[in-house]
Amino acid sequence: MTAHFPERSLNRASTSPRTMFNTAMTVVAFICGALALLPLLAVLSYVVIQGFSSLSISVFTELPPAPLRGGGGFGNAILGTLLMVGIGGLISIPVGVIAAIYLTEFSSANTARWIRFATNILSGVPSIIAGVFAYGIVVLGLVKLNLGSYSAIGGGFALSILMLPIIVRTADEALQLVSQDLRQASVGLGATNFQTVTQVVLPAALPAIVTGTTLAIARASGETAPLLFTALFSPFWPDSLFKPTASLAVLVYNFAISPFKNWQSLAWAASLILVLMVLLTSILARWATRQKA
């Protein structure tokens with residue numbers, strides 16, 4: 001005896017409560033995504049509109065002009081930004097990656113927990129506090145040693161404080177994502193812990209570490225408060241690491257609040273260049289990690 005079941009359509013009913021709820025939540029999710037992108041698009045479009053009209057070759061090759069004088073540029077600020085971000089990277093990247101290796105590979109659970117907690121606190125410290133700390137350590141230290149006061153060294157040190165927790169956290173998470181099977185296979189083949197970390201674990205985690213480093217560089221490039229306490233500003237080309245040094249962020253701050261139209265237009269152009277530098281850094285990082293993969 002064969003049982004008979006009523007035929008049911010596999011087509012989704014457009015008026016069913018489940019379908020209507022799914023459609024409504026899809027619309028809400030789309031609206032929330034658009035609202036999340038709206039501030040970014042608004043800022044970028046406004047900076048591009050205001051800054052593009054002021055771009056020219058001279059802004060990359062000339063020094064800031066006097067008030068009410070046409071022409072000029074901020075080539076010294078671009079060079080100073082690259083210089084201080086480079087100094088910050090030279091300090092924070094090795095320290096951050098080595099600290100992450102220690103946390104993941106060699107530390108005890110309690111030690112790692114406390115260090116991660118301290119790193120999270122440091123990442124939430126306002127940037128102006130990092131500037132005050134760098135002022136007390138580097139700027140006043142250089143004064144006592146008669147080596148100067150405000151300088152690119154101080155600015156780079158302040159930026160390294162802001163970059164360090166980001167690098168430690170991202171590198172730590174990247175190393176934790178590496179499979180334990182790779183470590184065990186390396187040790188099983190006779191490799192030492194040092195060889196396992198340097199030749200197996202680090203190469204596997206390198207793309208994520210590079211991405212975290214890029215985020216740290218992007219944050220440091222746009223910081224203003226720490227540089228006001230450490231590097232200050234200079235209308236001249238940087239010729240020493242122990243002298244006040246110009247930066248794009250400080251130039252934007254100084255020129256944007258000035259009453260002079262030529263300085264305000266240069267501030268918009270510098271804002272656009274700063275955004276493009278961050279974008280270029282992100283693109284290069286993604287290209288490098290893709291090539292590595």
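Reminder that position 205 of the sequence shown reads as 205 in the working numbering, one-by-one numbering, no gaps. Positions of the beta carbon are idealized from the N, C-alpha and C atoms, including for glycine.
- Residue burial is scored here from C-beta neighbours: MET163 has at least 16 other C-beta atoms within 10 angstroms and is therefore classed as buried.
- Rounded to the nearest angstrom, the Cβ distance from ALA246 to SER234 is 5 angstroms, consistent with a contact under 8 angstroms.
- For ARG113, the enclosing alpha helix (DSSP H) covers residues 109-123.
- In this structure, the alpha-carbon of GLY71 lies about 7 angstroms from that of PRO65.
- With respect to LEU248, ALA270 sits close: the two C-beta atoms are nearer than 8 angstroms.
- The DSSP-derived three-state label of PRO238 is coil.
- Annotation for GLU173: the continuous alpha helix (DSSP H) segment containing it runs 152-176.
- Residue state for ILE49 is assigned as helix, using DSSP reduced to three classes.
- Its Cα nearest to that of LEU251, the residue LEU228 stands out among LEU228, PHE242 and LEU241.
- An exposed status is given to THR15, since fewer than 16 other beta-carbon atoms sit within 10 Å of its beta-carbon.
- Within its own chain, the residues whose Cβ lies closer than 8 angstroms to the Cβ of PRO67, once the five positions on either side in sequence are excluded, are SER258, PHE260, ASN262 and TRP263, listed in chain order.
- Here DSSP, grouped into helix, strand and coil, assigns ASN146 to coil.
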